[in-house]
Structures are given as C-alpha cells and as structure tokens.
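Below you'll find the structure, written out as structure tokens, and then a few comments.
Protein chains: 2
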Amino acid sequence: MKKGRLIVSASEISADILYASGFFCPDPFIFFSAGSEKAVVLSTLEYQRALSQVKKGVKVYHDLAFAKKENAHPGKLELIIAISEKTGIKDWEVPPDFSLKYARDLEKKGIKTTISESAFFPARAVKTKREISFIAKAQKATESAMKMAQRMIAEASVDKNSSLILNGEILSSERLRSEIETELKRNGYSASRTITACGRQSSEPHNAGNGPLKAGQVIIADIFPRSDATGYWGDMTRTFFKGKAPSTIKRAFDAVFEAKEKSRAMLKAGVKAAAVYRKAFEVLEKRGFPTGSKNGLNYGFIHGLGHGVGLEIHEQPRVSPMNHGILEEGNVISVEPGLYYPEWGGIRIEDLAIIGESSHVLLNSPAAELEIP
Amino acid sequence: MKKGRLIVSASEISADILYASGFFCPDPFIFFSAGSEKAVVLSTLEYQRALSQVKKGVKVYHDLAFAKKENAHPGKLELIIAISEKTGIKDWEVPPDFSLKYARDLEKKGIKTTISESAFFPARAVKTKREISFIAKAQKATESAMKMAQRMIAEASVDKNSSLILNGEILSSERLRSEIETELKRNGYSASRTITACGRQSSEPHNAGNGPLKAGQVIIADIFPRSDATGYWGDMTRTFFKGKAPSTIKRAFDAVFEAKEKSRAMLKAGVKAAAVYRKAFEVLEKRGFPTGSKNGLNYGFIHGLGHGVGLEIHEQPRVSPMNHGILEEGNVISVEPGLYYPEWGGIRIEDLAIIGESSHVLLNSPAAELEIP
Chain V
-8 MKKGRLIVSA SEISADILYA SGFFCPDPFI FFSAGSEKAV VLSTLEYQRA LSQVKKGVKV
52 YHDLAFAKKE NAHPGKLELI IAISEKTGIK DWEVPPDFSL KYARDLEKKG IKTTISESAF
112 FPARAVKTKR EISFIAKAQK ATESAMKMAQ RMIAEASVDK NSSLILNGEI LSSERLRSEI
172 ETELKRNGYS ASRTITACGR QSSEPHNAGN GPLKAGQVII ADIFPRSDAT GYWGDMTRTF
232 FKGKAPSTIK RAFDAVFEAK EKSRAMLKAG VKAAAVYRKA FEVLEKRGFP TGSKNGLNYG
292 FIHGLGHGVG LEIHEQPRVS PMNHGILEEG NVISVEPGLY YPEWGGIRIE DLAIIGESSH
352 VLLNSPAAEL EIP
Chain U
-8 MKKGRLIVSA SEISADILYA SGFFCPDPFI FFSAGSEKAV VLSTLEYQRA LSQVKKGVKV
52 YHDLAFAKKE NAHPGKLELI IAISEKTGIK DWEVPPDFSL KYARDLEKKG IKTTISESAF
112 FPARAVKTKR EISFIAKAQK ATESAMKMAQ RMIAEASVDK NSSLILNGEI LSSERLRSEI
172 ETELKRNGYS ASRTITACGR QSSEPHNAGN GPLKAGQVII ADIFPRSDAT GYWGDMTRTF
232 FKGKAPSTIK RAFDAVFEAK EKSRAMLKAG VKAAAVYRKA FEVLEKRGFP TGSKNGLNYG
292 FIHGLGHGVG LEIHEQPRVS PMNHGILEEG NVISVEPGLY YPEWGGIRIE DLAIIGESSH
352 VLLNSPAAEL EIP
C-alpha cells in the first residue's frame, strides 16, 4: 500500500514543513508525500511565489486543484479529504505536533492519522554538507558578534557605582543586547532575547538581563541568531568579568571550561549522549561544584549539556541524562556546561560542534577568557 | 464540575500560551487553568526566572511538584497526568492546535481532551487599552521605518540601467530590506522577510524581492515588525514608483487607495467583515480592475482585505469573503486592498485600524504617495 505522510503548518511553527518544502510561508499550508510524490498545496496568495521558491523534487499544487468547483476558498480539511481521495491514502503518517483539530475532523471522515514513531524526519538530526555550511556561517556571525560584545566590555570604563560606561553612557544589558542584535541583523541574522545578564540575574539561565552591566560581577553573553536566508541557527555563550574575579568565580569558570573541554573530547559517532553529559557533570563535582537545591533554590549544573542545532535552536539530539541514544556522524550539537548560584550568578561556556566518525569539529574557537581588564 | 483548560507549547509557537502566561520561553511548557486557578509548570531551567516574569494571577509551579519522587526530569505526559489527578480534571479543554501526540497519550491514560468550540481565548481578538498601546507603538516604529524607506528611494539617483543608486551603490531589494530591518532592530523590533519587491516580483504578494530596485517600476514595501519587549506586531504597506508612472499603474494605485478609503469608512462595531471586503472588491471592479485568472495565472485582488494583528501577525478576525461574522469594538485589523498583474507587478496599500463603537481609529497616517521624484 502507498505510504502517505502529511504536515499542515506554517514555516515559523514547524521546522519539519520548512525542511520538507524549503518554503518560508507565514500561514499554515499543506505538505504531503504519497508514494514517491512529494507536494505542497498553496492558495492563490502564495501559489506563484511557491513555484520558484519551493525546493526541487517537491510539486506545487494550487489549492483549487483539490477544491470543489463551487468553492474558491477551500479550507484545509476539504483539501486534505480531496488529497486523500486522489492519492487513495486513508491513513496519514503525521508529526507528533500535528493539530488535534485536523486529526479529529479527518477521523470523522474516515481518514486516519498515525503519529510517526520516531522523529518525522530523522535525517534532520544528521546534517548534510550544505546544512553544515549554513550552520557554520551562522556560527561565524555569532562569534563575530561575541567578539564585538567582548570588545565593548573591554573598552568600557567603570563609574563609582561599578557600572560600565561606554562613550559616556551606561552600558546596560539592554544596550549590549541591542548592539549585538543590530550588528547581527545588519549581517542578515535575526536575534531576539539575546542573553546579556549580569550578576545574580545570570543565575537564571534564560534571564535576558536588564539594567547596568557592572564591574566585579559575572556577565553571561549567550548569542543565538537565525539566518534570514537559510533558517539555520548559530549558538554560542561566553562569560565575562570586568576586572579581577574573586577566586570562587575563577574556580567555577575553570571548572566549567574543563567540563566543556573534557566532555567535548569524548565527542564522536557512537558515543552515548548521556555519557557525554555525565562527564561534564563529574568534572564539575570533582572540582567542588555539586548540583542540588537549598531553600527551594536550585544550584550547580541545572540544565542539560547541549542540544542539536539546525532549523530549530533546540532540536535533536539532546545531550542530557535522559538521552540514552548515541551521537551520530553529522549531528550538530551545542556543548554548554554551566554553574548557577543564586547568591552571585552563573557561568556558562558554549561551543558548537559537528560530530565526526572518530572525533568532532568545532564551529567556533574553543578559547574563553573570563577576566576583561 | 471544575472546568480545566490546558496548553502545552512554546511561546514562539503558540500565541495563546504567551497571552495566558506573559512568559517568553523558547521550549514547550504547560499552562493550565482549573476552576479559578491559573498556573504554569516549569523545569528547574526556567522556574526561578518565571517567578518574576510570569504575569500576575498565574501561579508558577516547579515541575518537580508534580513529578514522581524518583524522577528528577519528568516528561510533559507524566506532569499532565499528575496535574489531572491533583485537580480532579479528567477532560481538558485544549486549543485546536494542541499536539495530537499528547492528546492520544492522555487518552490511553483515561484523560480526555476537548477542542475549544471557538477561539481558545476569544478575548485575544478584542484588545485592551494596554494591548492597543503596544500595537500603536509597534505601528509607530513601522511607519517611521516606512518613511525611511521612502526617503531612501527619494534620495536615490537612477543609472543607465534604471537601477536606483544611493551613496554610490545600487539600492537593491536586499539592501533596502536590510536597512529597514536594522533600523527596526535598533529600536527593539524584530523583522524578517520584509517585502521590498520591485516590478513583476511584486505581483506575488509575499515575494520579498531581490535584485536592484528600478525606476519606472512599482516598488512594494510591506513592513511588519514585532516588538521584542511586548510580542505585539505592527503592519503597514505602501507602494512607490520612482519617476512618472504610466497611466495604468496610476489608475490601479488610485483604485486601491479608494478601495482602502471606502472600505475603511465602513469600519465600526457590528459591521460584517465580509461586507467590508466586498466594498473594496466592488470599488476595484467598478474602477475597471476585475479579479480572475488567465493561462493559469491569477490577477486582480487575489487576497483578503485584512486580518487581525496582535500577538500574531495574522490572527482573528479575518476580513475576507469567508468571514460572515461581525467586527467588534477593540478589534485591531489591517486594511490592505491590492491589485496584482503578472505582466507588471502589484499595488498594495495597508493601514492598521482599531474598531470603535461607531467608527475606527487609524494607527498610522492614511496618506499614500505613489510617485517619488
């Protein structure tokens, strides 16, 4: 029997439909495959553009090709039913995040949906050379923005409140974020909620930060832009300290750096994801930085070691204690151990790596400096 | 019986969960309401940040509060089951785009999901004063970027190939888009795929455009940025022509402008959305610009008149021939008639309006000039 696969979503919502079609579309549309045919179905608004922008090997249908004669504005349900009739498919394989509403409406019409057992496109986790070139380019833009951020902190002076001052004005989290994101945008990359968090704020891993950046406190910069042209992401984190850091913070930084270096030394095809996480965890513990909770506050290494990066910023494979699967050649993953303490803040250092047959390739320089004079 | 409502999604994917929680989170999380309680459930990674960033009236739970004792990393399914037990809710109302996988897994555990009959949060279509102030601010940034674009075209000279030249370099679609988006980013707004399409490219309404902008051809600029701070969008379109436009294009522009003015004159609470669309359609027909298709190519007014704008760029209410509902006080909608001809391109003019009790308020100046000397 012919196998049918179906996605109904917008490109910003579903990386699967973007991967399948190569088509950036702000509104939901239909992708299906039936036997060897792959196709998208688009309304008059998008049809003409799709003909030149949808990726090779994917047929572009005008939705009116599946609509009842009297209906100039067919709904998705009507279209899927017509596609099912035309292709003879009565049971569509769909992604886990397929809309419940469509599934139930189709069921009423005798059309089944079956959720894919594994990822809908397992190949998404194994990057092609072309995809790697897109991510490498994105990471280059990311690293260059990181260098700019470091330069701004280096060039800043310090006022009597310990606030950083650059060109006569306070260098705040907001200002540094804006400068980073504007520079990225100028280069064709979109970034929002870039993390430029100082002091205690940085103890919350996704706190973007606000207020003046201060000397004598940690500053985490986590930069993760997406290419407007390709849809692929970069991701990199460094932790800075304006001035001389106290020994606890220095030791924490060194421990995180060592955790990153020792865990990434394990990276190659066939290694268990959980084992790589475990290595980072152990280095941190051995260095005297255990993970736990006190008075309802969590401290230590409170997140996974890394995640796949591609058309989504967080995708497969996860490098976490729960992932007992192995890493594969062509995976692109972040390696980002961190330590967080509600009392003074966090340290996180993040690189991006391609898994190779017997080793890995970094997409950025592994160097990291804490103290900025 | 206590009513339960449930969303499981990331803020970038589901505007509903962003609306419910006010929390920007890159990964999927749980929002639920049970009777009068509203709550979000977050992992250690996000918990601390959520305590200060989630909107008032919504309780923040650490996921471990619902996890089995031995499980430090509970999955969403386990959490929802525990929440169902704790709240006594066995049938959750969910949005139409609720993940099919979660629904099926819950069903196996005897927990039902019922899709909301209308929009999950009908209030999203009826903006509060606070929301209107956010959209108004976004539209101000949009209009200012539009003025910059117009100025750049005005200041450009024309070379022997009719290409626009600004500061000694070709002014291309890509360059104009980059300048617009960089300026918006500098002001705290994210924009991608801004439309700066010239000539025939502009006959495809969502073609972003590429290559040199040319004198003697239409140039559509459609700018739709999102506030990084609030998540609300702006949306505005103008069509320009460097030099003297031929009479067909002038007539088409005047027809679209009249369609916009006459249809928006109808805007007030209680008017049928389809009737407003119909008015624009009729003005265009009466002015000699019918809609149809020839040799498989569509021409004329090939899309709806407008759409709601809020936490999504395209949301309820739609101002289209299929929407037989009425507009309500507090709706914020775009009014954007257009005409498209594969032979020479398109004209689109778009304003943003708030529906009032007996009229409407525009969030931008309604003025539009075609020709730029």
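Line by line, the protein sequences give chains V and U. Here the first sequence is numbered in this note's numbering, starting from -8 and rising by one per residue. Here the second sequence is numbered in this note's numbering, starting from -8 and rising by one per residue. Heads up, the beta-carbon is just placed ideally off N, CA and C, and yes, glycines get one too.
Taking the beta carbon of residue 313/V as reference, the chain U residues within 8 Å of it are 64, listed in sequence order.
Within 10 angstroms of the beta-carbon of residue 0/U lie 16 or more other beta-carbons, which makes it buried. Residue 175/V places its beta carbon less than 9 Å from that of residue 132/V.
Against chain V, the beta carbon of residue 104/U has neighbours under 8 Å at 91, listed in chain order. Between residue 336/U and residue 141/U, the CB-CB gap reaches or exceeds 9 Å.
Among the CB atoms of chain V, none fall inside 9 Å of the CB of residue 190/U. Neighbours of residue 169/U in chain V, taken as residues at a C-beta separation under 8 Å, are given in chain order as 176, 177 and 179.
Around the beta carbon of residue 143/V, 16 or more other beta carbons sit within 10 angstroms, so the residue counts as buried. From the beta-carbon of residue 198/U, the residues of chain V found nearer than 9 Å are 39, 40, 43 and 44.
Under the Cβ criterion of 9 Å, residue 75/U is not counted among the residues facing chain V. Burial check for residue 356/U: the Cβ neighbour count within 10 Å stays below 16, so the residue is exposed. The residue among 288/V, 271/V and 287/V with its C-alpha nearest the C-alpha of residue 280/V is 271/V. DSSP lists no beta-bridge partner residue for residue 49/V. Of all residues in the region 282 to 306 of chain U, only 284, 287, 288, 289, 293, 294, 295, 304 and 305 come within less than 9 Å of chain V when Cβ atoms are compared, listed by chain position. Pairwise C-beta distances place the region 124 to 139 of chain U out of contact with the region 149 to 164 of chain U, as fewer than three of them are shorter than 8 Å. The continuous beta strand (DSSP E) containing residue 209/U extends over residues 209 to 214. Residue 109/V is outside the set of residues whose beta carbon lies under 9 Å from a beta carbon in chain U.
Proximity to residue 97/V across 111/V, 114/V, 300/V and 76/V peaks at 76/V, based on C-alpha coordinates.
What residue 272/U touches in chain V, judged by beta-carbon distance under 8 Å, is nothing: the nearest beta carbon there is about 12 Å away. Chain order gives the chain V residues near residue 183/U as 181 and 219, where near means a beta carbon separation below 7 Å.
Along the region -1 to 33 of chain V, going in chain order, the ones with a CB nearer than 8 Å to a CB of chain U are 3, 4, 15, 16, 17 and 18. Sixteen is the threshold: when 16 or more other Cβ atoms of the shown chains lie within 10 Å of the Cβ of residue 116/U, as they do, the residue is buried. Judged by DSSP in its simplified three-state form, residue 306/V adopts strand. Interface flag for residue 113/V against chain U is unset, since no Cβ pair is found closer than 9 Å. As computed with DSSP, residue 189/U is found in a beta bridge with 210/U.
In this structure, the straight-line span from the alpha carbon of residue 308/U to that of residue 322/U is close to 7 Å. For residue 94/V, the nearest CB of chain U lies under 9 Å from its own CB, placing it at the interface with that chain. Residue environment for residue 216/U: buried (at least 16 other C-beta atoms within 10 angstroms of its C-beta). Put simply, the backbone Cα of residue 362/U is about 10 Å away from that of residue 210/U. If you check the CB distance, residue 258/U and residue 104/U do not come in under 9 Å. Within the same chain, 21, 32, 54, 57 and 58 come within 8 Å of residue 70/V by CB-CB distance, once the 5 residues on both sides are set aside.
One finds nothing in chain V with a Cβ atom closer than 9 Å to the Cβ of residue 216/U; even the nearest lies about 11 Å away.
Taking 9 Å as the cut-off, the beta carbon of residue 154/U is found closer than this to the beta carbon of residue 205/U. Here the C-alpha atom of residue 92/U lies approximately 12 Å from the C-alpha atom of residue 110/V. With fewer than 16 neighbouring CB atoms inside 10 Å of its own CB, residue 61/V falls in the exposed class. Per DSSP, the beta bridge partners of residue 337/V are 331/V.
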